[in-house]
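Asker:
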Ligand code: BES
Ligand code: MN
Ligand code: ZN
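Numbering (this note's numbering), first residue to last: 1 to 500.
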């Protein structure tokens, strides 16, 4: 991960307007109807009326999302003036988008330094400033460690942002927590972006051990231990791989001993070939991000520890590689899960549920959580149903579902609930074992969730199918193309809103 961007918060300027000596760019808010905020008025003066002149000859109106770049006169204190529309005032997520868009524009223009003035907000000045900075930070993520030949002129230039508002001290404080969340998001994006020859179960586990520096307890379990625990389903998936399967449990104890932990479980298939039920060659390289659920859980733990969340949280990830091999599991095999339930493996490509079911059993037995949320790039079918706009949400508790839905709306990582029920569950009936691992083509994402539900005993539980969300081919203001880090902001918000 590279992010050399330094962000500082400063007070609104006092005294006479600045004149000569260009120090970088400046950005100001304009309200719908071309109304200049206090900062824009001041900069207009400082630049000899450059803003007013530009507004007169452009179609920029100040609507939310609009922007206009103005070259400042040669004797001005700035190189360029960026105008951003705030409509009739912006919400938190819109401030994040403004930050993301400005950072991108500044980089595209080769600016190294900028002063961003925040006013005209619908939210408090501190919230606006902190969220703008957060958006700028999130947008600047790049995974470029394997590029050896990138030209300097193609690299980002922006190094310093100074965010000016009426409440700099408050903004700085809010930003501190947001920065910790961004660190978590970047950790997830890094893990998901790594190629599968570099990131495999053991190397993934090693990356997670680094979280100990933040005060997270990290326990790594190898195959010997997993066999002892009876994780026959998870181990069956890893059989075809030269790499040893791992389960990693991360603990953050931010609340008193008595409070039962929240538990987050992630699917960590570091590469999914499909196994003996081999996937087609086209696009198979994308299956390096089949560990996106485990990546999100890891980034979440980093975010929570980084901002010292006052909650007890356990993150557990099942790390395996699904490969075809002489020793791989076969379609038709029957495996015994840690819960004791037997599974007829009809399709070795439906491996995620085999990994998750044993980790779900383990965390319930070992940690008696007050609730469990699992994340998994579980089914292609969820992409058919929801596209790349919502993760699928499956839940056995209405309040929990509502909380996750809300957290999604407030964090720009949206989820949409889908139904579950006995009639779907019937599709998993096997002729020779307790269940099959696939339920046929209809409602493929739902039957995958029904499979997992069979391993939940009387615990509030939600399953997020993030197959359409872990990776993106389209960039958004705060999410560059590639690994999105989906789940970290959502679940950080969920924890912050309800559990301290
Ligand atoms: N990792 C895939 C799901 C997936 C597919 C994620 C496409 C992202 C994009 C999962 O292990 C899988 O292969 N699922 C199968 C299930 C089927 C065999 C019942 C699928 O979705 O085709
Ligand atoms: Mn698969
Ligand atoms: Zn998979």
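Even glycine gets a Cβ: it sits at the ideal position worked out from N, Cα and C.
1) Flag residue 284 as yes when its Cβ comes closer than 8 Å to any non-hydrogen atom of the ligand ATP, and as no otherwise.
2) Is the region 156 to 163 touching the region 100 to 117, taking contact as three or more C-beta pairs under 8 Å?
3) What residue ranges within the region 96 to 170 form continuous beta strand (DSSP E) runs of no fewer than 3 residues, ordered along the chain?
4) Compute the Euclidean distance between the alpha carbons of residue 373 and residue 446, then round it to the nearest angstrom.
5) Of the residues 438, 84 and 413, which one's Cα is nearest the Cα of residue 37?
6) Between the C-alpha atoms of residue 153 and residue 436, what's the straight-line distance to the nearest angstrom?
7) Do three or more CB pairs link the region 136 to 155 to the region 36 to 56 at distances below 8 Å?
8) Using beta-carbon positions only, say whether residue 325 and residue 241 come within less than 9 Å of one another.
9) Using a Cβ-based criterion (distance less than 8 Å to any ligand heavy atom), does residue 191 qualify as near the ligand BES?
10) Does the contact criterion of 3 or more C-beta pairs under 8 Å hold for the region 300 to 319 versus the region 492 to 500?
11) Please determine, among 304, 206, 365 and 485, the residue with the shortest C-alpha to C-alpha distance to residue 413.
12) Restricting to Cα atoms, I'd like to know which of 198, 282, 213 and 234 is closest to residue 223.
13) Just verifying my parser: in three-state terms, what is the DSSP assignment at residue 571?
14) Taking 8 Å as the cut-off, is the C-beta of residue 436 nearer than that to any heavy atom in the ligand MN?
15) Given 8 Å as the limit, tell me if residue 288 has its C-beta closer than that to any heavy atom belonging to the ligand MN.
16) Say yes only if the C-beta of residue 274 is nearer than 8 Å to one or more non-hydrogen atoms of the ligand MN, and no if none qualify.
17) Apart from the five residues just before and just after residue 454, which ones in its own chain have a Cβ nearer than 7 Å to its Cβ?
18) In the DSSP assignment, what are the bridge partners of residue 267?
19) Are the region 264 to 283 and the region 345 to 353 touching by the rule of at least three beta carbon pairs closer than 8 Å?
20) Put residue 298 into one of helix, strand or coil per three-state DSSP.
21) Comparing C-alpha positions only, which one of 389, 217 and 477 sits nearest to residue 416?
22) Which residues mark the beginning and the end of the beta strand (DSSP E) in which residue 82 is found?
23) DSSP state of residue 246, grouped into three classes?
24) Find the nearest neighbour of residue 441 within the set 369, 477 and 385, judged by alpha-carbon distance.
25) Flag residue 351 as yes when its Cβ comes closer than 8 Å to any non-hydrogen atom of the ligand MN, and as no otherwise.
26) Out of 323, 457 and 428, state which residue places its alpha-carbon closest to the alpha-carbon of residue 365.
27) Output the residue ranges of the beta strand (DSSP E) runs that lie fully inside the region 380 to 450 and measure 3 residues or longer, sorted by chain position.
28) DSSP beta-bridge partners for residue 252?
29) Would residue 126 be called buried (16 or more neighbouring beta carbons within 10 Å of its own) or exposed?
30) Find out if the Cβ-Cβ distance for the pair residue 208, residue 237 is shorter than 9 Å.
31) Thinking C-alpha only, which one of 317, 59, 121 and 425 is nearest residue 295?
32) Can we count residue 474 as close to the ligand BES, meaning its CB is less than 8 Å from some heavy atom?
33) Flag this pair as yes or no: are the beta carbons of residue 261 and residue 322 separated by less than 9 Å?
34) Around the Cβ of residue 288, are there at least 16 other Cβ atoms within 10 angstroms (buried) or fewer (exposed)?
Answerer: According to the structure data:
1) This structure lacks the ligand ATP; its bound ligands are the ligand BES, the ligand MN and the ligand ZN.
2) yes
3) 113 to 117 and 160 to 165
4) Between residue 373 and residue 446, the C-alpha separation is close to 16 Å.
5) 84
6) 55 Å
7) no
8) yes
9) no
10) Taking 8 Å as the limit for Cβ pairs, the verdict is that the region 492 to 500 does touch the region 300 to 319.
11) 485
12) 234
13) Since the first residue of the chain shown is 1 and the last is 500, residue 571 is not available in this structure.
14) Result no, Cβ not under 8 Å from the ligand MN.
15) No; taking the cut-off as 8 Å, the Cβ of residue 288 has no heavy atom of the ligand MN nearer than that.
16) yes
17) These residues qualify, in order along the chain: 341 and 435.
18) 318
19) As far as the Cβ criterion goes, the region 264 to 283 touches the region 345 to 353, which means the pair count is three or higher.
20) helix
21) 389
22) 80 to 85
23) strand
24) It is 385.
25) yes
26) 457
27) 391 to 395 and 415 to 417
28) 313
29) By the neighbour-count rule (16 or more Cβ atoms within 10 Å), residue 126 is buried.
30) no
31) 317
32) no
33) For the 9 Å CB-CB criterion, residue 261 and residue 322 do not form a contact.
34) buried
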